[in-house]
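Here is the structure we will look at, set down as structure tokens.
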Amino acid sequence: MRFICRPPGKKSQAVIRRDRRVMSPSLTREYSFVYQKAKGCHVWDMDGRRYLDFAAGVAVMGIGHTNPAVIKAVVQQAKRGYHCGFSDFYAELPVRFVEQLLTFLPKHLNAAFLSNSGTESIEAAYKLARWHTNRKWTIAFKPSFHGRTMGSLSLTNSKRVQRERFGPFMPVKHAPYPYCYRCPFGTSGHGGCSGQYLSQLESAIKSCNGDVAAVFFEPVAGEAGYIVPPKDFVKGMRKLCDEYGALLCDDEVQAGCYRTGKFLALEHFGVKADIVSMSKAIGGGIPLGATMANRKVMDWPPGSHANTFGGNLLACAAGIATLGYMRKKKLGRNAERVGKHMLRRLGVMKEQYDIIGDVRGLGLMIGAEIVKEKKTKRYGVQERQRILCAAAEKGLLLLPAGISSIRMCPPLIITKAQADYGLDMFEDSIRGV
Ligand SMILES: Cc1ncc(COP(=O)(O)O)c(C=O)c1O
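Structure, rendered in structure tokens:
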């Protein structure tokens, strides 16, 4: 059996063998970690090995694994019922969840469509934008990731394998995402290139001849490598949307729920969106998605969009407990404080090690781009893989992002001491490579 990184223990190996027999080969497994259980910021594999979790189930476990508040809420609700058929009947719990969610959001967002995942929350935004504007085209960015169902996949433009053979796509044009470390316009550093990126965006909008429904945007490009855009670009994009009558659709699936320190990552840029898509952390690990807009925008008629599981009672109970825990424990403040500390330490490492080309992030959404050498910025693809494997061997779970970046998105409850312990393992792994 071929393993990525070192072969795991016997019990893990047995699961991997069974998995390969029955599971779709389309899933990407970066190393041979087999989940057994988890608590707080730690996960254990099938052979009882403990890992510090800088992956958080791909930025889902913001409130930490097996959080008692979510367990209590889900168990209590399970005794009363799980599923009410919310697209056809009324129930109080989904209403309570949305009422609570609204207290975290800008006032103009006052209506919700509930679903079960990131891609569904984007599909709803996509359809709503087309319905409301009665226009055909949308603009997204390259690189970007918005999901893998056909509407959201049409917006996604990150890795080739994600789109190959799946066309034809919905009518979407892609403009370049502002990626300052690898600026194609020759301006290095943050912000110098916003004007050029905005003019590319405007050209894409203009080429649709007044038929643009929306611009879809990740406030921090997640899957593409945790890329933070310049503030003036985001403000300029909002202006262009207003000028051309396009809705701004903010994909907060990964960056939302205090991941970057603020509840919505877009708040960092002083900009408001017309439609906001959320998922991942919002259900505390239970599948939940929410698409938010103003009631005047969410004006589609009964039957135009619905689903079977949206408003699921267990998911809404988990969502209420998750939001309550985030507020009570001030997780946004912790993400900001620990994230700043991690970025500071990673900045020092960047000066020390030639294979760390760039370090960037907001709050606890932190990326380190691995290169062969700083001077040429050549992507360090194998080096990245070796670092991921070395870290896993030391007991640190990390995730790749983009061509050669490493993402760090630990649970938002992480302490400074835990973050330091993880960064020590990361630095050891860098040194080894
Ligand atoms: C920004 C962003 N949007 C959408 C999605 C799709 O979410 P899901 O995998 O839950 O469908 C993801 C998933 O990683 C994401 O990071």
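Under the working numbering, residues 1 to 433 are what the sequence shown spells out, in order. From the three backbone atoms N, C-alpha and C, an ideal C-beta is built for every residue, glycine too. This one's a predicted model, so the numbers in the text were calculated from it and none came from an experiment.
Rounded to a whole number of angstroms, what is the C-alpha to C-alpha distance between SER121 and ASN294? Here residue 121 refers to the residue found at position 121 when the sequence shown is read from its first residue. Here residue 294 refers to the residue found at position 294 when the sequence shown is read from its first residue. Straight across, the Cα-Cα distance linking SER121 with ASN294 is about 15 Å.
Below 6 Å CB to CB, which residues in the same chain sit around LEU399 once its five sequence neighbours on both sides are set aside? For the purposes of this step, residue 399 is identified with residue 399 of the sequence shown, where counting begins at 1. So the list reads ALA55, ARG407, once near-sequence residues are dropped.
Spatially closest choice to GLY363 from ARG259, ALA213, ALA224, ARG21, by CA coordinates: As a position in the sequence shown, residue 363 is number 363, starting the count at 1. Of the listed residues, the one whose Cα sits closest to GLY363 is ARG259.
Using a Cβ-Cβ cutoff of less than 7 Å, which residues in the same chain neighbour PRO106 once the five nearest sequence positions on both sides are dropped? Locating residue 106 in the sequence shown gives position 106, counting from the first residue. Contacts found: LYS272.
My assumption, with CB atoms under 8 Å, is that ILE414 sits in contact with ILE387. Please give the rounded CB distance. As a first step, residue 414 is located in the sequence shown; it is residue number 414 there, counting from the start. As a first step, residue 387 is located in the sequence shown; it is residue number 387 there, counting from the start. About 20 Å separates the beta carbons of ILE414 and ILE387, which is beyond the 8 Å limit, so they are not a contact pair.
Quick check on SER152: buried or exposed, where buried means 16 or more other Cβ atoms within 10 Å of its Cβ? As a working note, residue 152 is residue 152 in the sequence shown. So SER152 ends up on the buried side.
Nearest CA to the CA of ALA69: which residue from LYS329, PRO229, ALA255, GLN418? One-based indexing of the sequence shown puts residue 69 at position 69. Nearest C-alpha to ALA69: LYS329.
Would you kindly work out how many angstroms separate the C-alpha atoms of ALA306 and ALA401, rounded to a whole number? Locating residue 306 in the sequence shown gives position 306, where the first residue counts as 1. Locating residue 401 in the sequence shown gives position 401, where the first residue counts as 1. When rounded, the distance between both Cα atoms is 32 Å.
Segment limits, alpha helix (DSSP H) that includes GLN36: Locating residue 36 in the sequence shown gives position 36, where the first residue counts as 1. Counting along the chain, no alpha helix (DSSP H) covers GLN36; the unbroken beta strand (DSSP E) around it starts and ends at 35–39.
ARG50 bridges to which residues according to DSSP? As a working mapping, residue 50 is identified with position 50 in the sequence shown. DSSP output for ARG50 lists TRP44 as bridge partner(s).
Residues sharing a beta bridge with ASN157, DSSP: What you label residue 157 is simply residue 157 of the sequence shown in a count that begins at 1. Partner(s): SER144.
Of all the options ASP428, THR322, TYR379, which has the alpha carbon lying nearest to the alpha carbon of CYS257? Translated into the one-based positions of the sequence shown, residue 257 becomes position 257. Nearest C-alpha to CYS257 among ASP428, THR322, TYR379: THR322.
What's the gap between the Cα of HIS108 and the Cα of ALA38? Counting from one through the sequence shown, the residue named residue 108 turns up at place 108. Counting from one through the sequence shown, the residue named residue 38 turns up at place 38. In this structure, the straight-line span from the alpha carbon of HIS108 to that of ALA38 is close to 38 Å.
When DSSP labels each residue in this structure, what does ILE320 get in the three-state scheme? In the sequence shown, residue 320 corresponds to position 320, counting from 1. In this structure, ILE320 counts as helix in the three-state DSSP scheme.
Any chance the CB of ILE122 is under 7 Å from a heavy atom of ligand 1? Position 122 of the sequence shown, counted from the first residue, corresponds to residue 122. Checking every heavy atom of ligand 1 against the Cβ of ILE122, one is found closer than 7 Å.
Would you kindly report the start and end of the unbroken alpha helix (DSSP H) that includes THR119? Taking the first residue of the sequence shown as position 1, residue 119 is located at position 119. First-last of the alpha helix (DSSP H) with THR119: 118–133.
Between the Cα of VAL60 and the Cα atoms of CYS389, LYS340, GLY347, ILE286, which residue gives the shortest distance? Here the question's residue 60 lines up with position 60 in the sequence shown. Selected option, being the one with the closest Cα: ILE286.
Consider the C-beta atom of SER117 and the heavy atoms of ligand 1; say whether any pair is separated by less than 7 Å. One-based indexing of the sequence shown puts residue 117 at position 117. Correct: SER117 has its Cβ closer than 7 Å to ligand 1.
Closer than 7 Å by C-beta to SER194: which residues in its own chain qualify, once you throw out the five before and the five after it? Chain order, please. Counted from its first residue, the sequence shown places residue 194 at position 194. Excluding its 5 nearest sequence neighbours in each direction, SER194 has C-beta neighbours in its own chain below 7 Å: PRO178, PRO230, ASP232, PHE233, GLY236, listed in chain order.
Any chance the CB of VAL58 is under 7 Å from a heavy atom of ligand 1? Walking along the sequence shown from the start, residue 58 turns up at place 58. The answer is yes for VAL58.
Tell me, which residues are paired with THR291 by DSSP? For this step, residue 291 is matched to residue 291 along the sequence shown. Answer is PHE113, SER277.
Could you name the residues of the same chain whose beta carbon sits closer than 6 Å to that of PHE104, not counting the 5 residues immediately before and after it, in chain order? Mapped onto the sequence shown, residue 104 falls at position 104. PHE263.
Provide the residue(s) that pair with CYS249 in DSSP beta bridges, ordered along the chain. As a first step, residue 249 is located in the sequence shown; it is residue number 249 there, counting from the start. In DSSP, CYS249 forms a bridge with PHE216, ILE275.
Contact test: HIS146 Cβ vs ligand 1 heavy atom, cutoff 7 Å: Counting from one through the sequence shown, the residue named residue 146 turns up at place 146. Correct: HIS146 has its Cβ closer than 7 Å to ligand 1.
Could you tell me whether any non-hydrogen atom of ligand 1 is closer than 7 Å to the CB of GLU218? Along the sequence shown, read from residue 1 onward, the residue named residue 218 stands at position 218. Yes.
Uninterrupted alpha helix (DSSP H) stretches inside the region 294–365 (no shorter than 4 residues): Complete alpha helix (DSSP H) runs here, min 4: 313–328, 331–352.
What whole-angstrom Cβ distance do TYR244 and ILE205 have, given they're in contact under 8 Å? On the sequence shown, residue 244 is found 244 positions in, with the first residue counted as 1. On the sequence shown, residue 205 is found 205 positions in, with the first residue counted as 1. About 5 Å separates the CB atoms of TYR244 and ILE205; that is less than 8 Å, so the two are in contact.
Nearest-angstrom Cα separation, counted from VAL75 out to GLU223: Residue numbering aside, residue 223 sits at position 223 when the sequence shown is read from its first letter. Residue numbering aside, residue 75 sits at position 75 when the sequence shown is read from its first letter. C-alpha of GLU223 to C-alpha of VAL75: approximately 33 Å in a straight line.
Contact set for GLY283: own chain, Cβ-Cβ below 6 Å, skip 5 residues either direction: As a position in the sequence shown, residue 283 is number 283, starting the count at 1. For GLY283, the CB contacts under 6 Å within the same chain, skipping 5 residues up- and downstream, are ALA315, ALA318, GLY319 in chain order.
With DSSP collapsed to three states, give me the class of ILE205. Within the sequence shown, numbered from 1, the residue matching residue 205 stands at position 205. In this structure, ILE205 counts as helix in the three-state DSSP scheme.
Contact set for PHE269: own chain, Cβ-Cβ below 6 Å, skip 5 residues either direction: Here residue 269 refers to the residue found at position 269 when the sequence shown is read from its first residue. Exclusion of the five residues before and after PHE269 leaves LYS231, VAL234 as the residues of its chain whose Cβ lies within less than 6 Å of its Cβ.
Per the DSSP calculation, SER405 is bridged to which residue(s)? Along the sequence shown, one-based indexing puts residue 405 at 405. Bridge partners of SER405: GLU369, ALA401.
Have a look at the DSSP bridge pairing and note the partners of TYR197. Residue 197 sits at position 197 when you count from the first residue of the sequence shown. DSSP lists no partner for TYR197.
Would you say the beta carbon of GLU30 comes nearer than 7 Å to a heavy atom of ligand 1? As a position in the sequence shown, residue 30 is number 30, starting the count at 1. Incorrect: GLU30 has no Cβ contact closer than 7 Å to ligand 1.
Do PRO143 and ASN157 count as a contact pair if the criterion is CB distance below 8 Å? Counting from 1 along the sequence shown, the entry for residue 157 is found at position 157. Counting from 1 along the sequence shown, the entry for residue 143 is found at position 143. In contact: ASN157 and PRO143 (Cβ atoms closer than 8 Å).
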